[in-house]
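A short write-up of the structure that comes next.
Printed below as a string of structure tokens:
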């Protein structure tokens, strides 16, 4: 009887060992995805020991992968005591994730600031932590540089005021010059504030789709052979959405930077407006069930729609104008509603109207609608960066045109673009 029990226990131990190996093997399937990421990624056990580290993690901390897998979070974060890890682990188990900034130390003893995003995962009744680490040294250097600029500006203003007092100029002249200097300082501070705000918003806007892409890719890789086609398509669509968000954001930043630097020029050329609008809708995957297009009330393609409506406009400026307005119309409208795109070619101008039946814009928000980074009070739960409409206004102005808006909260919004023909 004793020999049987011993033999049975050995078989049980072997089975448990094989099960553990299978679980570890499945977890390895995510490694190719993680290895391609630019950010440092770790898998950790509940006791803070590293289970896996990608190439970026090894490069960031100057350790080999073999060295890292023999270490824990306490080894790379100088002030990370075991009791602190227990607190962090309880938090991510409750919330599912945790974000904070701290200091890490390389193999060479160099310390540097990082931001950490920790995500809690369970797989086959085992607990894991996925940690994304990003070096934020450059961001902090930028912040320090901006503070230095402010200090230098303050010194220049004080120096200017001192020179004015020493010269014993008239009081009115001193007052005028002081006001000018203070105005210049406020403008420079406002510019610095907008610049910092811009970096903050763009960083956040990029992080959201990148996280979607990273997580969706990881889950697809892990469950590729177990999910049905419908489930796979759901995550593939999330990947496509993330890529489209990044692409649109990059386009807006690029065009906006060129406009700010006055590098965009108005270069009109003959363009078939009807064909151009069709191409825009095709690029945005907007079919007739989403956007209804017409030429003075006639659907595109009808005998009276004037498919040969060719006018002289700037295609480079017009394309982001229509894409932004159509994208906003879809984003802020119910999924079962339709958008109207009406084009009117007249003798001296071409007019575009984009009408939706969405959430609408309040009168107060309409006053600041085209200001950079401004977003309506009723869109806080909808992703956006506040750059789109400001960019549209700049491009319309470059075209010598006008843009107007008519909107009612809960009813919908109509944007009208009038571009003069040359």
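In full-length UniProt numbering, the protein residues as written are 1 to 422. Every residue gets a Cβ at the ideal spot worked out from N, C-alpha and C, and that includes glycine. Quick caveat: nothing in here was measured; it's all calculated off a predicted structure.
Quiz item: Which two residues bound the contiguous alpha helix (DSSP H) that contains residue 324?
Solution: Your numbering for residue 324 matches position 324 in the chain shown. Looking at the DSSP string, the run of the alpha helix (DSSP H) that includes residue 324 is 315 to 331.
Self-check item: Buried versus exposed, by CB contacts within 10 Å (16 or more), residue 295
Solution: For the purposes of this step, residue 295 is taken as the residue at position 295 of the chain shown. Looking at its Cβ environment, which holds 16 or more other Cβ atoms inside 10 Å, residue 295 is buried.
Exercise. For residue 369, count neighbouring C-beta atoms within 10 Å of its own C-beta (all shown protein chains included) and say buried if the count is 16 or more, exposed if not.
Key: Sequence index remark: in the chain shown, residue 369 carries index 369 (1-based). Flag for residue 369 reads buried.
Quiz item: Which partner residues of residue 287 appear in the DSSP bridge assignment?
Solution: Locating residue 287 in the chain shown gives position 287, counting from the first residue. DSSP output for residue 287 lists no bridge partner at all.
Quiz prompt | Cβ-based burial, residue 395 [other Cβ within 10 Å; buried from 16] | solution = Start at 1 with the first residue of the chain shown, and residue 395 comes out as number 395. The C-beta of residue 395 has 16 or more other C-beta atoms within 10 Å across all chains shown, which makes the residue buried.
Exercise. Ignore the nearest five residues each way along the sequence and tell me which others in residue 325's own chain have a CB closer than 6 Å to its CB.
Key: The residue labelled residue 325 in the question sits at position 325 within the chain shown. So the list reads 354, 415, once near-sequence residues are dropped.
Quiz item: Alpha carbon to alpha carbon, what distance is there between residue 419 and residue 423?
Solution: The question about residue 423 has no answer, for the chain in this structure spans 1 to 422.
Quiz prompt | In DSSP terms, what residue 420 is bridged to | solution = To locate residue 420, count along the chain shown from 1; it is residue 420. According to DSSP, residue 420 bridges with 349.
Quiz item: Closest by CA to residue 361, which one among 209, 377, 176?
Solution: Start at 1 with the first residue of the chain shown, and residue 361 comes out as number 361. The shortest Cα separation from residue 361 among 209, 377, 176 belongs to 377.
Self-check item: Element boundaries [alpha helix (DSSP H), containing residue 66]
Solution: Here residue 66 corresponds to residue number 66 of the chain shown, with the count starting at 1. That run of the alpha helix (DSSP H) goes 65 to 68.
Self-check item: Contact belief for residue 100 with residue 137 at Cβ below 8 Å, rounded distance in angstroms
Solution: Position 100 of the chain shown, counted from the start, is the residue given in the question as residue 100. Position 137 of the chain shown, counted from the start, is the residue given in the question as residue 137. In this structure residue 100 is not in contact with residue 137, their Cβ atoms being roughly 17 Å apart against a cut-off of 8 Å.
Quiz item: Given residue 423, which residues of its chain have a CB within under 8 Å of its CB, disregarding the five upstream and five downstream residues?
Solution: Since the displayed the chain opens at 1 and closes at 422, residue 423 lies outside it and no answer follows.
Quiz item: Mind checking whether residue 310 and residue 270 have CB atoms under 8 Å apart?
Solution: Position 310 of the chain shown, counting from 1, holds the residue named residue 310. Position 270 of the chain shown, counting from 1, holds the residue named residue 270. Taking 8 Å as the Cβ cut-off, residue 310 and residue 270 qualify as a contacting pair.
Self-check item: Start-to-end residues for the beta strand (DSSP E) that takes in residue 468
Solution: No statement about residue 468 is possible, as the shown extent of the chain runs from 1 to 422 and does not include it.
Quiz item: Are residue 104 and residue 148 closer than 8 Å when you measure CB to CB?
Solution: Against the chain shown, residue 104 aligns to sequence position 104. Against the chain shown, residue 148 aligns to sequence position 148. In this structure, residue 148 does not lie closer than 8 Å to residue 104 by Cβ.
Quiz item: Which one of 401, 399, 38, 398 has the shortest CA to CA distance from residue 211?
Solution: One-based indexing of the chain shown puts residue 211 at position 211. Ranking the options by Cα distance to residue 211, first place goes to 38.
Quiz prompt | Beta-carbon gap between residue 68 and residue 50 smaller than 8 Å | solution = Residue numbering aside, residue 68 sits at position 68 when the chain shown is read from its first letter. Residue numbering aside, residue 50 sits at position 50 when the chain shown is read from its first letter. Yes; because the gap between Cβ atoms is below 8 Å, this pair is in contact.
Quiz item: With C-beta atoms as the reference, is residue 321 less than 8 Å away from residue 417?
Solution: What you label residue 321 is simply residue 321 of the chain shown in a count that begins at 1. What you label residue 417 is simply residue 417 of the chain shown in a count that begins at 1. Their beta carbons are under 8 Å apart, which means residue 321 touches residue 417 by this criterion.
Exercise. Kindly list the residues whose CB is nearer than 6 Å to the CB of residue 390, restricted to its own chain and excluding five residues on each side of it in sequence; keep chain order.
Key: Locating residue 390 in the chain shown gives position 390, counting from the first residue. Closer than 6 Å at Cβ, skipping near neighbours: 370, 372.
Practice problem: Determine the direct distance from the alpha carbon of residue 133 to that of residue 494, and round the result to whole angstroms. | Solution: In the structure as shown, the chain starts at 1 and stops at 422, and residue 494 therefore has no counterpart that could be examined.
Exercise. Indicate whether residue 338 and residue 291 have their beta-carbon atoms separated by less than 8 Å.
Key: Stepping through the chain shown from its first residue, residue 338 is reached at position 338. Stepping through the chain shown from its first residue, residue 291 is reached at position 291. The answer is yes: Cβ separation under 8 Å.
Quiz item: So residue 43 is in the beta strand (DSSP E); what residue range does that whole segment cover?
Solution: Here residue 43 is taken as the residue at index 43 of the chain shown, counted from 1. Boundaries of the beta strand (DSSP E) harbouring residue 43: 40 to 44, taken from the DSSP string.
Quiz item: Just how far apart, CA to CA, sit residue 152 and residue 188?
Solution: In the chain shown, residue 152 corresponds to position 152, counting from 1. In the chain shown, residue 188 corresponds to position 188, counting from 1. Whole-angstrom Cα-Cα distance: 11 Å.
Practice problem: Figure out for me which residue from 89, 90, 141 has the closest Cα to the Cα of residue 114. | Solution: Taking the first residue of the chain shown as position 1, residue 114 is located at position 114. Nearest C-alpha to residue 114: 141.
Quiz prompt | Reduced DSSP category for residue 100 - H, G, I as helix; E, B as strand; rest coil | solution = Position 100 of the chain shown, counting from 1, holds the residue named residue 100. Residue 100 falls in the strand class under three-state DSSP.
Quiz item: If you drop the 5 nearest sequence neighbours on each side, which residues of the same chain put their C-beta closer than 8 Å to that of residue 409?
Solution: On the chain shown, position 409 is the one that residue 409 refers to. Excluding sequence positions up to five before and after residue 409, its CB lies within less than 8 Å of the CB of 359, 360, 361, 362, 378, all in the same chain and listed in chain order.
Self-check item: Spatially closest choice to residue 250 from 387, 156, 53, 92, by CA coordinates
Solution: Mapped onto the chain shown, residue 250 falls at position 250. Closest by alpha carbon: 387.
Exercise. Check the DSSP bridge columns for residue 269 and list the partner residues they point to.
Key: Here residue 269 refers to the residue found at position 269 when the chain shown is read from its first residue. Note: residue 269 sits in a beta bridge opposite 313.
Self-check item: Reference residue 351; option with closest CA among 374, 334, 380, 399
Solution: Numbered from 1 along the chain shown, position 351 holds the residue referred to as residue 351. Distances from the CA of residue 351 to each of 374, 334, 380, 399 were compared; the closest alpha carbon is that of 399.
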